[in-house]
Amino acid sequence: MEQVRTVDVLVVGAGFSGLGAAIRLTQDGFDDLVVLERGTDVGGTWRDNSYPGAACDVPSHLYSYSFALNPDWSRAFSPQGEIYDYIRRVTHEAGVRDKIHFGVEVTAVDFDEARGRWTVESSEGTYDARVVVLGVGALCEPKRPEIEGIGDFAGQVFHTARWDHSVTLAGKRVAVIGTGASAIQVVPSIAPTVSHLDVYQRTAPWVLPRMDRTYPQIERKAYRRIPGLQRVMRTLQYVSREFQVVGLTRSRAALAPIRAIGRAHLAMQVRDRSLREKVTPRFEIGCKRILLSNTWYPTLTRDNVDLVTSPITRVTSSGITTADGVEHPADVLVVATGFHVTDSPFFERVRGADGRTLADKWAADGMEAYKGTTVSGYPNLFVLVGPATGLGHSSMIYMIESQLNYLADALRTMRERNLQTVDVREVVQEAYNSELRASTGDTVWTTGCRSWYLDDKGNAPAVWPDFTFSFRNETREFDLSAYRRTPSGAAAQ
Ligand code: N01
Numbered sequence: 004m005e006q007v008r009t010v011d012v013l014v015v016g017a018g019f020s021g022l023g024a025a026i027r028l029t030q031d032g033f034d035d036l037v038v039l040e041r042g043t044d045v046g047g048t049w050r051d052n053s054y055p056g057a058a059c060d061v062p063s064h065l066y067s068y069s070f071a072l073n074p075d076w077s078r079a080f081s082p083q084g085e086i087y088d089y090i091r092r093v094t095h096e097a098g099v100r101d102k103i104h105f106g107v108e109v110t111a112v113d114f115d116e117a118r119g120r121w122t123v124e125s126s127e128g129t130y131d132a133r134v135v136v137l138g139v140g141a142l143c144e145p146k147r148p149e150i151e152g153i154g155d156f157a158g159q160v161f162h163t164a165r166w167d168h169s170v171t172l173a174g175k176r177v178a179v180i181g182t183g184a185s186a187i188q189v190v191p192s193i194a195p196t197v198s199h200l201d202v203y204q205r206t207a208p209w210v211l212p213r214m215d216r217t218y219p220q221i222e223r224k225a226y227r228r229i230p231g232l233q234r235v236m237r238t239l240q241y242v243s244r245e246f247q248v249v250g251l252t253r254s255r256a257a258l259a260p261i262r263a264i265g266r267a268h269l270a271m272q273v274r275d276r277s278l279r280e281k282v283t284p285r286f287e288i289g290c291k292r293i294l295l296s297n298t299w300y301p302t303l304t305r306d307n308v309d310l311v312t313s314p315i316t317r318v319t320s321s322g323i324t325t326a327d328g329v330e331h332p333a334d335v336l337v338v339a340t341g342f343h344v345t346d347s348p349f350f351e352r353v354r355g356a357d358g359r360t361l362a363d364k365w366a367a368d369g370m371e372a373y374k375g376t377t378v379s380g381y382p383n384l385f386v387l388v389g390p391a392t393g394l395g396h397s398s399m400i401y402m403i404e405s406q407l408n409y410l411a412d413a414l415r416t417m418r419e420r421n422l423q424t425v426d427v428r429e430v431v432q433e434a435y436n437s438e439l440r441a442s443t444g445d446t447v448w449t450t451g452c453r454s455w456y457l458d459d460k461g462n463a464p465a466v467w468p469d470f471t472f473s474f475r476n477e478t479r480e481f482d483l484s485a486y487r488r489t490p491s492g493a494a495a496q
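4 is the number of the first residue of the sequence shown in our numbering; add one for each residue after it.
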């Protein structure tokens, strides 16, 4: 008979969120903990997104854990490789690597109400856990476009988040579908190498200048030697980004200067009127993620690059056909078409007290949680980077660390009160979300655009609609009164 392993806390995923949970909880004395990670290394999205040009568009000093600042960032905006190295180093220094089981896929997460515990099925067997922390990330399941004929394409097809490094692009005709944050980094990086590049744009994005620079040795030395200097930089970067929130959520007029910078950037970089017309955004700035690049527009003006705006009708064995009847030959197809965020397939694997999957619950009731972290009917489950925690303007690590405060305080409270389970009351969760819905109702995200921030009902369940310090405040302490709880060995109250 298969042996069931018992563990106190089971974390799924070893990206920034899952790893942060493992580090924080171990430090707080919850060291009967295991992390199950499907990949062969830590890093999550920063391990998987290794496409040419992958980099962060949040300033480096802000894009690190507050407990592990890194004075050695080489640039204002770090490239993927440096962030990946950073997260591996932090794992090693925190001493949590031996808690991570690599190459293990979690296939089912079921709550057993009678015992008040979770049964977790995985490719290495069954676990019985008191607490489950989902650190699977929001941008982890690539979304591949459903285009007629795509399966017939004779060349290589891959998603930006699953870049096939064995494919040589030099001298090939390459097609890139999408013009989001991933495409905007890939396209300028591969354009000089390929023989021809077609970029398929469905919606022209807003693109602002990227204020990147290398950090000279002297500056890095200063970060290392002057106590507190890096924290001051970090605070300045944090505060300057929070100003954007006013425009995104409160007063559209506050977006005017950003809009003007975007228009001027485009006008200066694209002289050709017909191209300028095609790349002019037709939606309110901020509704979709604002992109940063100094090389996107110049790349579109290269002789070997074409921007295709006629809609794709089908893929053939040798290329792409568009609605204007043109057939565009291609050897390699790169899909930069984003991620399943509000419809992640992982949610189909999680079943709560009534046996309903998170996917079914969220499809029926909307993707909602309490404080982005707990979901009524799913006791002792903590969802990191959960509903209403996404950001377009600042560092997700700040949001993750806020959730970690809440998680750590919840487990401490349960330990002190000798509680078996905590389950957020439905009425509390509903009140919290109706307030959130009211505050996202009149924001830039609901001005009419297509974005991963939105669900198919036009709500913006993935984004946090306020200053990030408000989220930090509301997650500072675990509010037990919002929860139904069972003492060890008793029925739910
Ligand atoms: O994905 P996206 P992404 N036919 O969903 C188009 C983070 N990130 O991977 O706009 C044709 O933004 C789609 O068109 P439209 C960041 O949070 C961060 O680029 O929907 N086109 C769009 O152009 C970001 O927001 C960094 O009309 C199709 C594109 O594909 C998030 O990841 C870097 C299509 C998808 O854009 C996702 O970015 C990279 C179809 N069938 C990513 N389907 C940093 O720098 C989709 N599209 C930190």
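Glycine is no exception: its CB is placed at the ideal position from the N, C-alpha and C atoms. In this text the structure is predicted, and so the values were computed from the model without any measurement.
Within the segment 181-264, the complete beta strand (DSSP E) segments of 3 residues or longer fall at 199-203, listed in chain order. Nearest neighbour of D201 by Cα position, chosen from L28, I90, V235 and A178, turns out to be A178.
In the structure shown, the three-state DSSP call for Y66 is coil. Just measuring C-alpha positions, the residue of S53, S126 and R420 sitting nearest L39 is S126. Scanning its chain for C-beta atoms nearer than 6 Å, with the 5 sequence neighbours on each side dropped, one finds around E124 the residues T110 and A111, in chain order. A check of alpha carbon separations from V248 across F474, G21, L387 and G16 identifies F474 as the nearest. It is roughly 7 Å from the alpha-carbon of L422 to the alpha-carbon of R488. Where T29 is concerned, there is no enclosing beta strand (DSSP E), although the alpha helix (DSSP H) around it starts and stops at F19 to Q30. Buried is the label assigned to D334, since at least 16 other Cβ atoms lie within 10 Å of its Cβ.
Each residue's CA atom was taken as its position, placing L457 and N436 some 15 Å apart. The beta-carbon separation of Y87 and R41, rounded to 17 Å, does not stay under the 8 Å limit for a contact. At least one heavy atom of the ligand N01 is found less than 7 Å from the C-beta of S185. Rounded to the nearest angstrom, the gap between the Cα atoms of T392 and Y300 is 31 Å. Three or more Cβ pairs drawn from the segment 55-74 and the segment 223-239 lie within less than 8 Å of each other, which places the two stretches in contact.
Shown here, S125 sits in a strand according to DSSP, grouped into three states.
For the pair R317 and E149, the CB atoms are not nearer than the 8 Å cut-off. Short of 8 Å from the beta carbon of N476, and not among the five residues preceding or following it, lies no beta carbon of its own chain. Judged by pairs of C-beta atoms under 8 Å, the segment 14-25 touches the segment 400-417, as three or more such pairs exist. In the DSSP assignment, F474 falls within the alpha helix (DSSP H) that extends over T471 to E477.
Taking a 10 Å sphere around the C-beta of A141, we find 16 or more other C-beta atoms and assign the residue as buried. Taking a C-beta distance under 8 Å as the contact criterion, D11 and R100 do not qualify as a contact pair.
Sixteen is the threshold: since fewer than 16 other Cβ atoms of the shown chains lie within 10 Å of the Cβ of K224, the residue is exposed. Of the candidates S491, K281, N73 and G250, the residue whose Cα lies closest to the Cα of Y226 is N73. Here the distance from the Cβ of W166 to the nearest heavy atom of the ligand N01 is not below 7 Å.
T48 and V139 have their C-alpha atoms roughly 10 Å apart.
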